[in-house]
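When we follow our numbering, the leftmost residue of the sequence shown carries the number 182, and every step to the right adds one.
Here a beta-carbon is modelled for each residue, glycine too, at the ideal position from N, C-alpha and C.
Below is one structure; the comments refer to it alone.
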Amino acid sequence: NDTDKPQVHGSSGLTRDYHPKPSFFAVSHLYATLGNFRFSRQTTLDTALAYEFAQDTLNQKILAVWLPSGSDLTRTIRIPLAGRTATRIERMPVDEGPAPTIPIKVQNGDLMLPCSESVTYVLVI
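Quick look at the structure:
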């Protein structure tokens, strides 16, 4: 817990004055989304970075995709599905409520994903 008063290391943590900060909702969603999935590999998709998470028991994976641009850039990224199916796409939330969902758009067997600096989770089966 921290306050809005300027101090060394005073901006860390998930709460401020015992109220959730945006990082609280982002971390909560990360844990709920990835659950039993484990980091598998890092890959680059066009100009986006992607971390792939997999589950040992299921033939599923989750891609965490974002643009490491340092600006408010938004770009559509083409993700090859290789015969698999994207079943859910969610953007990391920064406030209370359900995570924003993104419509699934497939073109010529590739997922067309609107991508920004905010992490987007893609469930692929």
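- From the listed residues Y232, L215, R269, the smallest Cα separation to V305 is found for R269.
- Between A235 and K242, the gap from beta carbon to beta carbon is short of 8 Å.
- One Cα belongs to L254, the other to H200, and the distance between them is close to 30 Å.
- Looking from the CA of L294, the closest CA among I260, D237, P274, M273 belongs to I260.
- Where S204 is concerned, the enclosing alpha helix (DSSP H) starts and stops at 203-215.
- Contact between E233 and L215 does not hold, since their C-beta atoms are separated by about 11 Å, which reaches or exceeds 8 Å.
- Around the CB of T301, 16 or more other CB atoms lie within 10 Å, so the residue is classed as buried.
- For the pair L262 and D237, the CB atoms are not nearer than the 8 Å cut-off.
- Checking the DSSP bridge columns, you'll see L294 partnered with I258.
- Within the same chain, and ignoring the five residues on either side of P249 in sequence, the residues whose Cβ sits closer than 6 Å to its Cβ are L230.
- For M273, the closest of T225, S252, R197, F205 by C-alpha to C-alpha distance is F205.
- For S250, the three-state secondary structure derived from DSSP is coil.
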